[in-house]
Every structure is written in structure tokens, then in C-alpha cells.
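Participant: Residue numbers (the working numbering): 219 to 358.
Glycine is no exception: its CB is placed at the ideal position from the N, C-alpha and C atoms.
After the C-alpha cells below, expect a handful of questions from me.
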Amino acid sequence: GDVIHLPVDVVVADKFAADAESDTVAVDAIPDGWMGLDTGAESIKTFGERLNGAKTIFWNGPVGVFEFEAFANGTKGLAEAIAEATKNGAFSVIGGGDSASAVRNLGFADEAFSHISTGGGASLELIEGKPLPGVAVLDR
219 GDVIHLPVDV
229 VVADKFAADA
239 ESDTVAVDAI
249 PDGWMGLDTG
259 AESIKTFGER
269 LNGAKTIFWN
279 GPVGVFEFEA
289 FANGTKGLAE
299 AIAEATKNGA
309 FSVIGGGDSA
319 SAVRNLGFAD
329 EAFSHISTGG
339 GASLELIEGK
349 PLPGVAVLDR
């Protein structure tokens, strides 16, 4: 059956700011008053291993606050793993404006992925099989 892999570690911060104090902890050990701002390195390593050999990858949403350099490592690591899988033959879709912005801001060429879509919500509805209003109008 299908298996869902969830993060095991998270980069936490004492405030939502680029200069926040940070630490990496298990997902079930976030200190009171702190917040998770990035996916931890162990989780990204595991996700990368799971993507190795994938035939299709659909990624929607950054896995950290990539706008802050200290909390962009998870998103960058996942993008690197997806780009590598794409190079090895996987079909990859980066879905959503935030994800598209993240991979471009982190220096990835559009060609590193099969397709980059800025239609986050619409992309998800499409793969869910829901009708898209714009397409429905064109079908008339």
C-alpha cells in the first residue's frame, strides 16, 4: 500500500525572524514558545532517499521559511533531491507560486524540473479530478 513519510526533525526558532535563535529537534520536542520554521536535515535526507527511483514527483509548497536563509535548507535540500531524480528520469512538477519562487530564488534553473506551475490551488484541484472553472468555460 501507500506509505506517507512525515518529518522526524524540525528546525525551530524562538521568533519568526531571519536572525532568530534556532535549533534542530525531534518533531515531538518543540520547546514551549518556539516554532518550527524548517524541516530538519534528517527528514530531508530520508525524503531524498525515498525520491530516488521515483517515476513521478509532484511537489506543492516549500518545507520551510525559505525567505530566511537560516530556514531555507530544507526547501533547498528537497529541491536538490527532486532535481537529481528528474535528471535520472523522473517526471517532476513543482506546483504553486511559493514553490516556484523558492526554487528560483534558491538558484535552480527551470530546466532542473520537468514543469514549474504557479497554479497551486488550481493544480491541486486538477489532480484531485475537480472541475476547473476556466477550463469548463472553454469546454462550452
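#1: Specify the secondary structure class of GLY295 as computed by DSSP and reduced to three states.
#2: Check the C-beta distance from ALA308 over to ALA259 and give it rounded, since I have them as a contact under 8 Å.
#3: Please name the residue in PHE331, ASN270 and SER319 whose C-alpha comes closest to that of PHE284.
#4: In terms of residues, what are the limits of the beta strand (DSSP E) holding PHE276?
#5: Is the segment 295-310 close to the segment 260-270, with three or more CB pairs under 8 Å?
#6: What is the rounded straight-line gap between the Cα of ALA236 and the Cα of GLU287?
#7: Report the rounded CA-to-CA distance for PRO351 versus GLY313, giving the unit in angstroms.
Facilitator: With the given structure in hand:
#1: Taking the sequence shown and counting its residues from 1, one reaches residue 295 at position 77. Three-state DSSP puts GLY295 in a helix.
#2: The sequence position of residue 308 within the sequence shown is 90, counting from 1. The sequence position of residue 259 within the sequence shown is 41, counting from 1. Contact doesn't hold; Cβ gap of about 22 Å is too wide.
#3: On the sequence shown, residue 284 is found 66 positions in, with the first residue counted as 1. Comparing Cα-Cα distances from PHE284 to each of PHE331, ASN270 and SER319, the minimum goes to SER319.
#4: Numbered from its first residue, the sequence shown carries residue 276 at position 58. Run containing PHE276: 274-278, per the beta strand (DSSP E) assignment.
#5: yes
#6: Here residue 236 is taken as the residue at index 18 of the sequence shown, counted from 1. Here residue 287 is taken as the residue at index 69 of the sequence shown, counted from 1. Distance between the alpha carbons of ALA236 and GLU287 is about 7 Å.
#7: Your numbering for residue 351 matches position 133 in the sequence shown. Your numbering for residue 313 matches position 95 in the sequence shown. Spanning the two alpha carbons is a distance of roughly 19 Å.
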